[in-house]
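Residue numbers (my numbering): 747 to 1038.
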Ligand SMILES: Cc1cc2nc3c(=O)[nH]c(=O)nc-3n(C[C@H](O)[C@H](O)[C@H](O)COP(=O)(O)OP(=O)(O)OC[C@H]3O[C@@H](n4cnc5c(N)ncnc54)[C@H](O)[C@@H]3O)c2cc1C
């Protein structure tokens, strides 16, 4: 079994940012990532510091990985399926097992793709998972938000500065809004019919419902998220609303386990992920030094 000082699970902006700090502090660092960062889904990022022109998510990711490798991080492709503790942590992948005293969870929080024909086809061309990122592109357009919970209403509210033409599509589910969200939701059009498919040409054009179809320029998926933190939960890491609970030093409730980026919830942006990764890196260094 290979042993490291730090294992980072996730090779998105938060994991790689942390690795830049730990390797430069001389810590033997392994980054394990299964390949699909939220960033890969976006062609154009123009709100991240330092780029005069938009940069693609893929390019930003690849550059970060090269930078961490150049500085000495070991980066492996693989999915961590289990994390165990027996005095130190063991991260298990199909390919092998790796041990370390400290683990950073930086697994992002991939949204669950709804099983609706056309969703995958129009991702980045009308279908989005992030109103903060893409709402701007739908000024005065006809948009929908897919989902039936409070998060759905929250995303509809985020779209209001850009357009007033907002419909919540619950895809056959009854609405499950509560508290302030229930009273806010009444100002949106709410369609509870089953969504049959999304159609269009190069970009999204229509949403096809059970017995009708409606024009649609953008559909924001806000129907809950698939959690990639299951192994953390099994170990006893505290999770709230599918997000890992971390303090201002990116520490979780378990000594030696840190968390950063989208998997901790909050404002899901590259700049935040990079910042939290840096904070985690700094505190991991201090934690390891304090144990020596
Ligand atoms: C469509 C879209 C557009 C966006 N546009 C913007 C934008 O314009 N500007 C902006 O600032 N932000 C944007 N974002 C948000 C941004 O991409 C995220 O906030 C950022 O990527 C979060 O970084 P992260 O490192 O926390 O997670 P991620 O980038 O999601 O990386 C998580 C990493 O963990 C890995 N992983 C997960 N589970 C495991 C496992 N079990 N084992 C091993 N590896 C695992 C993944 O493979 C991945 O490498 C967008 C997101 C989406 C989806």
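All C-beta atoms in this analysis are idealised placements derived from N, C-alpha and C, irrespective of residue type, glycine included.
Source: prediction; values computed, not measured.
Residues sharing a beta bridge with residue 874, DSSP: DSSP output for residue 874 lists 966 as bridge partner(s).
Could you round the C-beta distance between residue 872 and residue 965 to whole angstroms and report it? I think they count as a contact, below 8 Å. 6 Å
What is the DSSP secondary structure of residue 823, counted as helix, strand or coil? strand
When you measure from the CB of residue 778 to every non-hydrogen atom of ligand 1, does any distance come out below 6 Å? Taking the Cβ of residue 778 as the reference point, at least one heavy atom of ligand 1 falls within a distance shorter than 6 Å.
Tell me the DSSP secondary structure of residue 977 in three-state form. DSSP places residue 977 in helix when its eight states are reduced to three.
Could you tell me whether the segment 813 to 823 touches the segment 750 to 770, using the rule of 3 or more Cβ pairs below 8 Å? yes
Just the Cα atoms here: how many angstroms apart are residue 991 and residue 935? 34 Å
Please tell me whether, using a cut-off of 6 Å, the distance from the CB of residue 968 to the nearest non-hydrogen atom of ligand 1 is below it. No - ligand 1 has no heavy atom lying nearer than 6 Å to the Cβ of residue 968.
Tell me the rounded alpha-carbon separation between residue 950 and residue 1014. 24 Å
Does DSSP put residue 898 in a helix, in a strand, or in coil? Three-state result, residue 898: helix.
Check whether the Cβ atoms of residue 893 and residue 969 lie closer than 7 Å to each other. yes
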